[in-house]
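Participant: Going by my numbering, the first residue of the sequence shown is number 30, and it counts up by one from there.
We treat Cβ as the ideally placed atom computed from N, Cα and C, and that holds for glycine.
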Amino acid sequence: VQALAIVRSIVANLHRELPRWWDTVTPQPPAFDPKEIYGVIPSDPRIGYDVREVIARLVDASDFAEFKARFGTTLVCGFARIEGHPIGILANNGILFSESSHKGAHFIELCAQRGTPLLFLQNITGFMVGKEYENRGIAKDGAKLVTAVACAEVPKFTVIIGGSFGAGNYGMCGRAYSPRQLWMWPNARISVMGGAQAASVLSTVKGDMTPQEREKFERPILEKYESEGSPYYSTARLWDDGVIDPLDTRKVIALGLQAASHAPQRETRFGIFRM
Numbered sequence: 030v031q032a033l034a035i036v037r038s039i040v041a042n043l044h045r046e047l048p049r050w051w052d053t054v055t056p057q058p059p060a061f062d063p064k065e066i067y068g069v070i071p072s073d074p075r076i077g078y079d080v081r082e083v084i085a086r087l088v089d090a091s092d093f094a095e096f097k098a099r100f101g102t103t104l105v106c107g108f109a110r111i112e113g114h115p116i117g118i119l120a121n122n123g124i125l126f127s128e129s130s131h132k133g134a135h136f137i138e139l140c141a142q143r144g145t146p147l148l149f150l151q152n153i154t155g156f157m158v159g160k161e162y163e164n165r166g167i168a169k170d171g172a173k174l175v176t177a178v179a180c181a182e183v184p185k186f187t188v189i190i191g192g193s194f195g196a197g198n199y200g201m202c203g204r205a206y207s208p209r210q211l212w213m214w215p216n217a218r219i220s221v222m223g224g225a226q227a228a229s230v231l232s233t234v235k236g237d238m239t240p241q242e243r244e245k246f247e248r249p250i251l252e253k254y255e256s257e258g259s260p261y262y263s264t265a266r267l268w269d270d271g272v273i274d275p276l277d278t279r280k281v282i283a284l285g286l287q288a289a290s291h292a293p294q295r296e297t298r299f300g301i302f303r304m
């Protein structure tokens, strides 16, 4: 019975050719109250949470067919529907490792082959760094994910639901990779790195300082990152499509999917991924 249920789930995400790019079904509200999102997202962005709790309050019937759930667990991928439209979701659940980068690239390829739109839920500090991970090829593996994002011609939508820092922004379809829509939640932060990390790096480069000198040196850096990392600073400069109430996420993505379903769509050509 479980095997048949798995087969039915897979077949439900295979799309036959129709006048528009994908089939739709009768919309269903999420099984969980979307207002609970306010309780899921912590007030402190440094506190982690399970992004599946957010997904369950965005998608139809809270039905999420997860892809490779036990592999690359810091990137949650899977198929769902929003207001009846099929969508492939990639959501951060921690920092990106080689395994999660491989998983994301594989999932994007599947969605591109099936003509399934993509939704990226960004809450990312970046790719894992350090000698061990660099020796294992994190730069090469991260490049595979970025290549997949850049080459996929299916409609892409991005919502920044937390942090969006450094190369993680690229791997999760930031503005440079032309998503059809890019929205930010009010709690979002976006910059090349976190303010505390930037201040620490710059003070280290400057050299030896007393604690008082270090505090005086780092304070304006922290203030600048706090101000310019705000979603309102970003949206005031048209770097995104707007700051939205988390409860409106489902509605605005559904509108985007409705528009994209009739728009021209080119064939995806990924080229060659480095092994």
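1. At which residues does the beta strand (DSSP E) containing residue 124 begin and terminate?
2. Could you have a look at residue 182 and say whether DSSP puts it in helix, strand or coil?
3. Just checking, does the stretch 190-207 make contact with the stretch 146-163 on the three C-beta pairs under 8 Å criterion?
4. Residues bridged to residue 116 by DSSP?
5. Using the three-state DSSP reduction, which class does residue 218 fall into: helix, strand or coil?
6. Give the secondary structure of residue 60 by DSSP, where H, G and I count as helix, E and B as strand, and everything else as coil.
7. Going by alpha carbons, who is nearest to residue 126 out of 143, 292, 87, 159?
8. For residue 31, report the span of its alpha helix (DSSP H) as first-last.
9. Taking residue 244 as part of the alpha helix (DSSP H), name the residues at either end of that continuous run.
10. If you measure between the beta carbons of residue 299 and residue 180, is that distance less than 8 Å?
11. For the putative contact between residue 111 and residue 282, defined by C-beta atoms under 8 Å, what is the C-beta separation to the nearest angstrom?
12. Going by DSSP, what residue range makes up the alpha helix (DSSP H) through residue 94?
13. So if DSSP puts residue 236 in a beta bridge, which residue, or which two residues, is it bridged to?
14. Report yes if the C-beta of residue 186 is less than 7 Å from at least one heavy atom of the ligand NAP; otherwise report no.
15. So, at 6 Å on beta carbons, what are the nonlocal neighbours of residue 208 in its own chain, with the 5 sequence-adjacent residues on each side left out?
16. Assign residue 80 to one of three DSSP states: helix, strand, or coil.
17. In terms of DSSP beta bridges, what is residue 88 paired with?
18. Return helix, strand or coil for residue 272, following the three-state DSSP convention.
19. Secondary structure at residue 104, three-state DSSP: helix, strand or coil?
20. Have a look at residue 219 and residue 174 and give me their C-alpha separation to the nearest angstrom.
21. Residue 203 by DSSP, collapsed to three states: which one?
Facilitator: Quick answer:
1. Numbered from its first residue, the sequence shown carries residue 124 at position 95. Careful: residue 124 lies outside any beta strand (DSSP E) and carries neither H nor E.
2. For this step, residue 182 is matched to residue 153 along the sequence shown. The answer is coil: DSSP assigns residue 182 none of H, G, I, E or B.
3. yes
4. Translated into positions along the sequence shown, residue 116 becomes position 87. Its beta-bridge partners are 109.
5. Taking the first residue of the sequence shown as 1, we reach residue 218 at position 189. Of the three classes helix, strand and coil, the one that applies to residue 218 here is strand, per DSSP.
6. As a working mapping, residue 60 is identified with position 31 in the sequence shown. It is coil, neither helix nor strand.
7. In the sequence shown, residue 126 corresponds to position 97, counting from 1. That would be 159, whose Cα lies nearest to the Cα of residue 126.
8. Here residue 31 refers to the residue found at position 2 when the sequence shown is read from its first residue. 31-41 is the extent of the alpha helix (DSSP H) around residue 31.
9. For the purposes of this step, residue 244 is taken as residue 215 along the sequence shown, with counting starting at 1. Run containing residue 244: 240-257, per the alpha helix (DSSP H) assignment.
10. Taking the first residue of the sequence shown as 1, we reach residue 299 at position 270. Taking the first residue of the sequence shown as 1, we reach residue 180 at position 151. A contact, by the Cβ cut-off of 8 Å.
11. Position 82 of the sequence shown, counting from 1, holds the residue named residue 111. Position 253 of the sequence shown, counting from 1, holds the residue named residue 282. Right, their Cβ atoms sit about 5 Å apart.
12. As a position in the sequence shown, residue 94 is number 65, starting the count at 1. Run containing residue 94: none in the alpha helix (DSSP H); it sits in the beta strand (DSSP E), 94-96.
13. To locate residue 236, count along the sequence shown from 1; it is residue 207. BP columns for residue 236 are empty, so no partner.
14. Within the structure as shown, the ligand NAP is missing, as the structure has no ligands at all.
15. The count along the sequence shown starts at 1 and reaches residue 208 at position 179. Excluding sequence neighbours, residue 208 sits near 185, 186, 187, 202.
16. Here the question's residue 80 lines up with position 51 in the sequence shown. Coil.
17. Looking up residue 88 in the sequence shown gives position 59. Paired residue(s): none; residue 88 is not in a bridge.
18. Here residue 272 corresponds to residue number 243 of the sequence shown, with the count starting at 1. Three-state DSSP puts residue 272 in a strand.
19. What you label residue 104 is simply residue 75 of the sequence shown in a count that begins at 1. Residue 104 falls in the strand class under three-state DSSP.
20. Taking the first residue of the sequence shown as position 1, residue 219 is located at position 190. Taking the first residue of the sequence shown as position 1, residue 174 is located at position 145. Roughly 20 Å between the two C-alpha positions.
21. Translated into the one-based positions of the sequence shown, residue 203 becomes position 174. Correct three-state label for residue 203: coil.
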